[in-house]
Structures are given as structure tokens and as C-alpha cells.
Amino acid sequence: MKSTAELISMKNNDKIVMVTAYDYPSAKSAESADVDVILVGDSLGMVVLGYDSPVKVTLDDMIHHAKATRRGAPNTFIIVDMPFGSYHGDVNEAIKNGIKLYQETDANMLKLEGADSIEVIKGLVKAGVPVCGHLGLTPQHFGLTGFKMQAGDIEAAEKLIEEAKAIEEAGVSMMVLEAIPMDLAKKVTEHVYVPTIGIGAGVETDGQVLVYHDLLQYGSERLPKFVKAYGDMSSLAVDGLKAYSQAVRDKSFPDESTTYKKRVFD
Ligand code: KIV
Ligand code: NA
């Protein structure tokens, strides 16, 4: 497993490969594919739990899924999202929530959105918890922003660069940049010492992240502009299930090889 320091030192050398995972099998496949980092994102709410935003995801949901993810990927660096509402309001409560999430899940780093939680970032880092930031489109704010490209004008872009510097100053070891113009992502990447991980932010960031269910088309129908599909698990699943149904109906399953033939009645 890479360390935080090794991931930081990949900046300007090798691209960092990050993918989300939420359970034992998805984590196992990510580890087998040798990705650098697994993110247990709160996209969990949408792609696994079927909500239409991440705001219904609780701290307990994140703990439950991050534990399963760790069991599937014991040797991969894992970042876990702090969910909506778990790090706003009281700073000490937020830090306590973060420590609980970090401790109970065996995570290597926590991620939180925006640049408004500077004191929480500082408190977690002070306690020894590595933190990843997340700027640009921050889905926990979808009620205000919608799901669309952010920082598309010069003022917003300059503000985002200031935010990147502010969270770096507060102690983040990495930051995700989501759905922003590629020239802005390039500028941020040049302005900070920590790695930037892009999703819908062009090729100039220090790494890329995609959502497992999007990139493998596993139950996700409408893909955002910035997703490229590298597999079609939904078709595989439906085809397999159809073949199974057919075999049950025509009694070709179970067959000899899948039946216990020991006789207990004569
Ligand atoms: O929850 C998530 O999957 C994320 C990534 C899209 C960065 O935060
Ligand atoms: Na997230």
C-alpha cells in the first residue's frame, strides 16, 4: 500500500489512479486492478443506495460500507468521504465524527468538501488524520449549485484558486477538483504542492478519479459528460440473469453436476 507521502511525491511524476468502491467485491476488483487509491465516496447514496443525491447518506452508512471496502482491499490506500451534515455546525463534533470514521473503518485519509471547514481540516490534521479536499462541483451542495460545471468565469476561477491555497494551508494532503474548466484545473495544479485529482477537470491534474458504477456501467444509466465507460456490467448482469431464468423455466438448471445425488430414501 502506498503511503500519504508516496502519493504526494507522485505529483509531477506518475499519474495517480483513483476509483470509488463501496463494498467487498468492488474493493476486491479495484485492488486486483492495482489502482493507487480507493475512494469510498458518498456517491454511495446515488449509485448503490438509489437516492437522487448524496445528502441522505449518514455517518453510519459510510462506516458500514467503508468497513466492507477495507475487507475487500486490505492492501490499498483508502479515502473515505465525510457525509453531508457530519462536519458542519460544531467544530469539535465534526472532528469527533471524523476521528470515529477514520478509526472504525481503518481508512488512510478522509475527504471533505469545500473551503468553509478550515477549522475541521486543521483539527483532524492536528489529531493525525490525513485529509483530502474537494473543490469545484461539490455534490453535497447540489441544492445550491445543481450538478453542472463550476467556476466558469474569471472571478469564480480566482476564488477557487484561493480556496485551494486555503485548504492546502489548513493541511490537506491531496485535493479532488470536480467539474471545472481544464485551464483552471491546470492552474490550481501548478499553484499547490499537494496532488490534484480530477473528475471532469481535464488531463492536467496529477491524477484522475471516476465512480466505479459509472466507468463500468453498473446500474448507472445517465453518465455525466466527463465519464468514459470502460465496461458494461449492467448488460453482463442482465444477460446472465436472463440465461438463468430461461434455464430454470426449461428445467435445464439444476442439472446433474449441480445436484446432490446421495439417496436417503429407497
Ligand atoms: O463521492 C464521490 O464519488 C466523490 C468523487 C466523485 C470525487 O466524491
Ligand atoms: Na463525494
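Residue 104 in the UniProt record's numbering sits at position 104 of the sequence shown, with consecutive numbering throughout.
In this text, a Cβ means the ideal position worked out from N, Cα and C, and glycines have one as well.
Original post:
For the stretch 49-121, which segments carrying the alpha helix (DSSP H) assignment without a break, of at least 4 residues, lie completely within its bounds, in sequence order?
Top reply: 59-72 and 91-105
**OP:** Using three-state DSSP, classify residue 172 as helix, strand or coil.
**Re:** Within the sequence shown, residue 172 is the residue found at index 172, counting from 1. If DSSP states are grouped into helix, strand and coil, residue 172 belongs with coil.
Original post:
Would residue 237 be called buried (16 or more neighbouring beta carbons within 10 Å of its own) or exposed?
Top reply: As a working note, residue 237 is residue 237 in the sequence shown. So residue 237 counts as exposed.
Original post:
Is residue 114 near the ligand NA, in the sense that its beta carbon is under 6 Å from a heavy atom of that ligand?
Top reply: Numbered from 1 along the sequence shown, position 114 holds the residue referred to as residue 114. Not so, every heavy atom of the ligand NA lies at least 6 Å from the Cβ.
**OP:** Return yes when at least one heavy atom of the ligand KIV lies under 6 Å from the C-beta of residue 41, else no.
**Re:** Position 41 of the sequence shown, counted from the first residue, corresponds to residue 41. Residue 41 Cβ: within cutoff of the ligand KIV.
Original post:
Just checking my contact of residue 175 with residue 164 at CB under 8 Å: how many whole Å lie between their CB atoms?
Top reply: Position 175 of the sequence shown, counted from the first residue, corresponds to residue 175. Position 164 of the sequence shown, counted from the first residue, corresponds to residue 164. Sure, about 6 Å apart at Cβ, within 8 Å.
Original post:
Per DSSP, residue 135 is paired with what?
Top reply: For this step, residue 135 is matched to residue 135 along the sequence shown. For residue 135, which the question treats as bridged, DSSP gives the partners 177.
Subject >> Reduced DSSP category for residue 208 - H, G, I as helix; E, B as strand; rest coil >> reply: Translated into positions along the sequence shown, residue 208 becomes position 208. DSSP, reduced to helix, strand and coil, places residue 208 within a strand of the structure shown.
**OP:** For the alpha helix (DSSP H) containing residue 44, list its first residue and its last residue.
**Re:** The residue given as residue 44 occupies position 44 in the sequence shown. Per DSSP, residue 44 belongs to the alpha helix (DSSP H) from 44-47.
**OP:** Check whether the Cβ atoms of residue 71 and residue 102 sit closer than 7 Å, and answer yes or no.
**Re:** Sequence index remark: in the sequence shown, residue 71 carries index 71 (1-based). Sequence index remark: in the sequence shown, residue 102 carries index 102 (1-based). Not a contact, by the Cβ cut-off of 7 Å.
Subject >> Beta-carbon proximity of residue 113 to residue 140, cut-off 7 Å >> reply: The sequence position of residue 113 within the sequence shown is 113, counting from 1. The sequence position of residue 140 within the sequence shown is 140, counting from 1. Yes, the Cβ-Cβ distance between residue 113 and residue 140 is below 7 Å.
Original post:
Does the ligand NA have a heavy atom nearer than 6 Å to the CB of residue 81?
Top reply: To locate residue 81, count along the sequence shown from 1; it is residue 81. Flag set: Cβ of residue 81 near the ligand NA.
**OP:** Would you be able to state if there are at least three C-beta pairs under 8 Å between the stretch 82-96 and the stretch 14-23?
**Re:** no
**OP:** Please report how far the alpha carbon of residue 148 lies from the alpha carbon of residue 74, in whole angstroms.
**Re:** To locate residue 148, count along the sequence shown from 1; it is residue 148. To locate residue 74, count along the sequence shown from 1; it is residue 74. Distance between the alpha carbons of residue 148 and residue 74 is about 35 Å.
Original post:
Who does residue 198 pair with in a DSSP beta bridge?
Top reply: Here residue 198 is taken as the residue at index 198 of the sequence shown, counted from 1. Per DSSP, the beta bridge partners of residue 198 are 177 and 208.
Original post:
What do you reckon, are the CB atoms on residue 26 and residue 59 nearer than 7 Å?
Top reply: Counting from 1 along the sequence shown, the entry for residue 26 is found at position 26. Counting from 1 along the sequence shown, the entry for residue 59 is found at position 59. In this structure, residue 59 does not lie closer than 7 Å to residue 26 by Cβ.
Subject >> Neighbourhood of residue 123 by C-beta, 6 Å cutoff - its chain only, sequence neighbours within 5 removed >> reply: The residue you call residue 123 lines up with position 123 of the sequence shown. Within the same chain, residue 123 has close Cβ partners 95.
**OP:** For the alpha helix (DSSP H) containing residue 259, list its first residue and its last residue.
**Re:** For the purposes of this step, residue 259 is identified with residue 259 of the sequence shown, where counting begins at 1. That residue, residue 259, is in no alpha helix (DSSP H); it is neither H nor E in DSSP.
**OP:** Can you grab the Cα-Cα spacing for the pair residue 256 / residue 234, in whole Å?
**Re:** For the purposes of this step, residue 256 is identified with residue 256 of the sequence shown, where counting begins at 1. For the purposes of this step, residue 234 is identified with residue 234 of the sequence shown, where counting begins at 1. The straight-line gap from Cα to Cα measures roughly 30 Å.
Subject >> Residue closest to residue 158, alpha-carbon to alpha-carbon, out of 181, 79 and 146 >> reply: For the purposes of this step, residue 158 is identified with residue 158 of the sequence shown, where counting begins at 1. Ranking the options by Cα distance to residue 158, first place goes to 181.
**OP:** Go ahead and label residue 265 buried or exposed: buried means 16 or more other beta carbons lie within 10 angstroms of its beta carbon, across all protein chains shown.
**Re:** For the purposes of this step, residue 265 is taken as residue 265 along the sequence shown, with counting starting at 1. Its Cβ having fewer than 16 others within 10 Å, residue 265 is exposed.
**OP:** Please report the residue range of the beta strand (DSSP E) in which residue 18 lies.
**Re:** Position 18 of the sequence shown, counted from the first residue, corresponds to residue 18. Where residue 18 is concerned, the enclosing beta strand (DSSP E) stretches over 16-20.
Original post:
Cβ of residue 118 within 6 Å of any heavy atom in the ligand KIV?
Top reply: Residue numbering aside, residue 118 sits at position 118 when the sequence shown is read from its first letter. Residue 118: no, Cβ never under 6 Å from the ligand KIV.
Subject >> Chain-order list of residues whose beta-carbon lies under 6 Å from that of residue 231 (same chain, five-residue window excluded) >> reply: For the purposes of this step, residue 231 is taken as residue 231 along the sequence shown, with counting starting at 1. So the qualifying residues of the chain are 216.
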